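Q: The structure follows.
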Amino acid sequence: MGAGVDDRVFLREAIRLARESVEVGGGPFGAVIVQDGTVIGRGANRVIPWADPTAHAEVAAIRDACRYLQDHRLHGATLYVSCEPCPMCRAAACWARLDRVVYAASARDAAEAGFDDERIRDELVAPPEQRILPLSRELAEEGRAVFDYWERHANRRLY
Ligand SMILES: [Zn+2]
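Numbering (our numbering), first residue to last: 1 to 159.
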């Protein structure tokens, strides 16, 4: 099978998980993670049933794959998602060091169904005075001191 054919097979599995998710009260999103032709993680949206705004399919699949590999990095792996990832999930895919993301439905398709992450995409590039969520800073030195503590700590491990 060529890469494109494999991609479509795994993407269909993600789409199947998205449909299944609807049946149990989750959002219509599913994801699988594949490494060397093998599914190593699966996830589906559980935002409402778990009362967890971060319970997106991609995050669940990343957690599942990392738990399976006992590694916080997923080098050489591909994330297949039923829908174009939101900014949080794109960032999570970067943190997980995934090689590639393949998706089916677009963010626009999701927005038309009521799942609009456009305001978050805008928020991330908005100048501070135009942000919906204000970020303010206090205790800069005390915060910085945690890194000094960490740098001196024997158990530190960079990721
Ligand atoms: Zn997401």
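From the three backbone atoms N, C-alpha and C, an ideal C-beta is built for every residue, glycine too. Keep in mind it's a predicted model, so treat the numbers as computed, not measured.
What residue range is occupied by the uninterrupted beta strand (DSSP E) comprising Val34?
A: Gly30 to Gln35
Q: Closer than 6 Å to a non-hydrogen atom of ligand 1 - does that hold for the CB of His56?
A: Yes, the beta carbon of His56 sits closer than 6 Å to at least one heavy atom of ligand 1.
Q: Using a Cβ-Cβ cut-off of 6 Å (strictly less than) and excluding sequence neighbours within five positions of Ile62, which residues of its own chain qualify?
A: Ala92 and Ala96
Q: Could you check if Cys89 belongs to the surroundings of ligand 1, using beta carbon to heavy atom distance under 6 Å?
A: At least one heavy atom of ligand 1 is nearer than 6 Å to the Cβ of Cys89, so yes.
Q: Determine the direct distance from the alpha carbon of Arg152 to that of Cys94, and round the result to whole angstroms.
A: 27 Å
Q: Check Ser21 in the structure and name its three-state DSSP category.
A: helix
Q: Under a three-way DSSP split, which group does Cys86 fall into?
A: coil
Q: Please state if the CB of Glu84 and the CB of Ala65 are separated by a distance shorter than 7 Å.
A: Taking C-beta atoms as the reference points, Ala65 and Glu84 fail to come closer than 7 Å.
Q: Indicate whether Ala31 and Ala14 have their beta-carbon atoms separated by less than 7 Å.
A: yes
Q: Does the distance between the C-beta of Cys66 and the nearest non-hydrogen atom of ligand 1 fall short of 6 Å?
A: False, no ligand heavy atom lies under 6 Å from that Cβ.
Q: Beta carbon of Cys86: closer than 6 Å to some heavy atom of ligand 1?
A: Closer than 6 Å to some heavy atom of ligand 1: that describes the Cβ of Cys86.
Q: Can you tell me whether Arg4 is helix, strand or coil according to DSSP?
A: It is worth fixing the name first, because residue 4 is Gly in this sequence and not Arg. If DSSP states are grouped into helix, strand and coil, Gly4 belongs with the helices.
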